[in-house]
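This report concerns only the one structure given below.
In our numbering, the protein residues as written are 175 to 613.
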């Protein structure tokens, strides 16, 4: 009778220590138990729910519904990639909602339009019980404990403040906690990565003196400086001058996809020195440099950035409802677990992913608040931008009226239009007007 090989406990131990059989053994265990990588990703996101750095739902509410929230149920919204049900399914616990107005509003009604976008975000985040408006790190932690979705407000594009530090401060009072310095247009004080608009062109001055004042005032307020959409030179200048960590709220790796909106390795190194954060964008064009992409393309950006500066400098900024095309399998905010599953398959540790999902952003926001506290004794900046830098004919320069000029104009116009009989009435009108203008 042929001899049989008996698997002793010692030989079993040797077999189990080799990596190949060990992997097979654990795979079999997973199959038997029914616990998949998808389950592991969902469990991890349940423990460390996502902070998403950028979402443009508010823009779509304006485009599709003219900001009439009464026309929609935010639990389930058609023609968009974001609603409450899908945010919950995607384990998004904190969402930075962009209040964005197009560059065409610069030098026109950008401030008013931005106020209207702040209004719609504040309304949706206070009228729906699933949301909570957040303005501090502690608010984010409290919302997590209450199982609420925290809403942060971020301005997308420095043209929204119309080159006014008082306007910046008032936006902060309304709850704005981040601002990207540009969008697809230059401002009078910062340079965009885009050449779409031929405005405020400067040579070798990507961040002007007033731009540095904007950065310092954001540091003093405790508002996060966002470098997505800025030129590389502007980003480098900001990293040199900011006292607080900064973020790229929705940008990816230029080495993986050489799109102008992405960040080169040398700039990533400077971001790491700043203790800042790059929140990877999911837009297909920024991920694969094509209109089509998949989850693997996105994960390539995470892998490369981790190799360059480490997982502690990475977050996620989906750009849903702002961009037009997204990778297969990541079509809306409910699909985030698919990305985490892919990264787990690529041997990212749970600690690294906990940082990416949540802890990195909380750390940056906390450090921004510490800088704010350190600068609390400083008075608000009273720097005004020079009129020749703004080049805005709509800016009114407030002056006391010159009564001699007013009287001369009054006489001329009254003779031509009203005759001498109307002069006393008009003179009285201008006299009363001038009295109201006296400080």
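We treat Cβ as the ideally placed atom computed from N, Cα and C, and that holds for glycine.
Boundaries (first-last residue) of the alpha helix (DSSP H) holding residue i
i, result
"residue 346", "339–347"
"residue 301", "284–301"
"residue 315", "311–319"
"residue 417", "From DSSP, residue 417 is part of no alpha helix (DSSP H); its letter is neither H nor E."
"residue 245", "That residue, residue 245, is in no alpha helix (DSSP H); it is neither H nor E in DSSP."
"residue 505", "It is not in any alpha helix (DSSP H) - residue 505 carries neither H nor E in the DSSP assignment."
"residue 527", "524–528"
Simplified DSSP state of residue i, which is helix, strand or coil
i, result
"residue 306", "strand"
"residue 364", "strand"
"residue 404", "strand"
"residue 422", "strand"
"residue 378", "coil"
"residue 232", "helix"
"residue 412", "helix"
"residue 510", "helix"
"residue 586", "helix"
"residue 280", "coil"
"residue 254", "coil"
"residue 216", "helix"
"residue 373", "coil"
"residue 532", "helix"
"residue 520", "coil"
"residue 240", "coil"
For residue i, the residue or residues it bridges with in DSSP
i, result
"residue 353", "329, 399"
"residue 224", "266"
"residue 273", "329"
"residue 335", "In DSSP, residue 335 forms no bridge with anything."
"residue 323", "305"
Alpha carbon of residue i to alpha carbon of residue j, nearest angstrom
i, j, result
"residue 197", "residue 217", "With a pLDDT of only 47 at residue 197, under 50, the local geometry of the prediction cannot be trusted, and no value is derived from it."
"residue 494", "residue 575", "51 Å"
"residue 280", "residue 250", "33 Å"
"residue 247", "residue 221", "28 Å"
"residue 356", "residue 317", "30 Å"
"residue 446", "residue 480", "11 Å"
"residue 420", "residue 467", "28 Å"
"residue 417", "residue 543", "11 Å"
"residue 397", "residue 541", "11 Å"
"residue 529", "residue 314", "15 Å"
"residue 640", "residue 322", "With the chain covering 175 to 613 only, the question about residue 640 has no answer from this structure."
"residue 204", "residue 215", "Its pLDDT being 47, under 50, residue 204 is placed unreliably in this model, and the value from its coordinates should be taken loosely. Distance between the alpha carbons of residue 204 and residue 215: 14 Å."
"residue 245", "residue 526", "41 Å"
"residue 290", "residue 473", "36 Å"
"residue 613", "residue 577", "With a pLDDT of 40 at residue 613, under the threshold of 50, the predicted position of this residue should be treated as unreliable, though the coordinate-derived value follows. Whole-angstrom Cα-Cα distance: 16 Å."
"residue 299", "residue 586", "57 Å"
"residue 564", "residue 352", "23 Å"
"residue 202", "residue 485", "In this predicted model, residue 202 has a pLDDT of only 49, less than 50, meaning its place in the structure is not dependable; the value taken from the coordinates is given anyway. In a straight line, the C-alpha of residue 202 is about 30 Å away from that of residue 485."
"residue 547", "residue 308", "18 Å"
"residue 483", "residue 441", "10 Å"
"residue 334", "residue 387", "16 Å"
"residue 232", "residue 582", "51 Å"
"residue 439", "residue 225", "24 Å"
"residue 432", "residue 498", "19 Å"
"residue 521", "residue 531", "16 Å"
"residue 384", "residue 255", "37 Å"
"residue 304", "residue 325", "10 Å"
Handout entry: Those runs of the beta strand (DSSP E) which lie wholly inside the stretch 426–501 and span at least 3 residues
Key = When DSSP assignments are scanned along the stretch 426–501, the uninterrupted stretches of beta strand (DSSP E) that are 3 or more residues long and fall wholly within it turn out to be 451–454, 488–490.
Exercise for the section: Starting from the N-terminal side, write out each stretch of the alpha helix (DSSP H) that is 4 residues or longer and does not extend beyond the stretch 541–583. Expected result: Listed in chain order, they are 561–564.
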